[in-house]
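Numbering (my numbering), first residue to last: 389 to 637. Notes for the one structure printed next.
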């Protein structure tokens, strides 16, 4: 277990769970947010290699292709766009969340550079949950049968996953000005929902992250569950309840 204030991570070892959920963890209280099931990792590598080959082909067409000028310029623009996208990912990746710790102190999130992005004690929280855009995931999966390589695209399907952190009181919010961006994002919610810190955990499928197990082991009364929703509109269930003709049970 990490000591108080420690920003270092020990060598990772495989989590002894189902092979489909083989997320690497340092200890039972730490989650590697970048780890993926082997099939997903393989599919992503195939997708990345394919995209880079397309970019190389487009740039080659721009430089020495026999096509007309307009076609060559369009191909070059597409290739350059792909290259710039990958460069942006490489530059921004170290600043994205990499590890999440849930222990006796509370919840902490580190980015790829080892900098603490979130540090909240249990006394500062009234609830913890995970939200994922399940509607977008279903749309991605529905389109895979028509793809050239459905095995790859199905396993590459991923949507934003957010950690929902509900403050215990206004004083807790005031103590953490560094989380202003997450607090502002948490204002976008369905009618009737509470404002909360909304922290991105990257992309994937939120149920595979072991956040529920970690929180329920230490503070079961705070766990609010996995739910479907989006950062812009809040929880799907709350929005459905506000529609005309809906009934609350």
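For each residue, glycine too, the CB sits at the ideal point set by N, CA and C. None of these values were measured; they are calculated from a predicted model.
Going by CA-CA distance only, name the one from 607, 453 and 618 that's closest to residue 495. Closest option to residue 495, judged by alpha-carbon separation, among 607, 453 and 618: 607.
Grab me the residues of residue 560's own chain with a C-beta within less than 6 Å of its C-beta, minus the 5 sequence neighbours each way, in chain order. Taken in chain order, the residues that qualify are 512.
Pairwise C-alpha distance: residue 550 and residue 617: Rounded to the nearest angstrom, the gap between the Cα atoms of residue 617 and residue 550 is 10 Å.
Strand pairing of residue 611, partner residues [DSSP]: Answer by DSSP bridge pairing, in chain order: 516.
Where do the ends of the alpha helix (DSSP H) carrying residue 568 lie? Its alpha helix (DSSP H) spans residues 568-573.
If you follow the alpha helix (DSSP H) that residue 468 is part of, which residue opens it and which one closes it? For residue 468, the enclosing alpha helix (DSSP H) covers residues 457-480.
Taking the alpha-carbon positions, what's the residue 462 to residue 521 distance? Whole-angstrom Cα-Cα distance: 33 Å.
With DSSP collapsed to three states, give me the class of residue 447. In the structure shown, residue 447 falls within a helical segment according to DSSP collapsed to helix, strand and coil.
Just reading off the alpha helix (DSSP H) that residue 559 is part of, what are its end residues? Judged by DSSP secondary structure, residue 559 falls within the alpha helix (DSSP H) whose first and last residues are 558-562.
Per the contact definition of three or more C-beta pairs closer than 8 Å, is the segment 440-452 in contact with the segment 463-471? With the cut-off at 8 Å, the segment 463-471 and the segment 440-452 touch.
Where residue 441 falls: helix, strand or coil (DSSP): The answer is helix: DSSP assigns residue 441 an H, G or I state.
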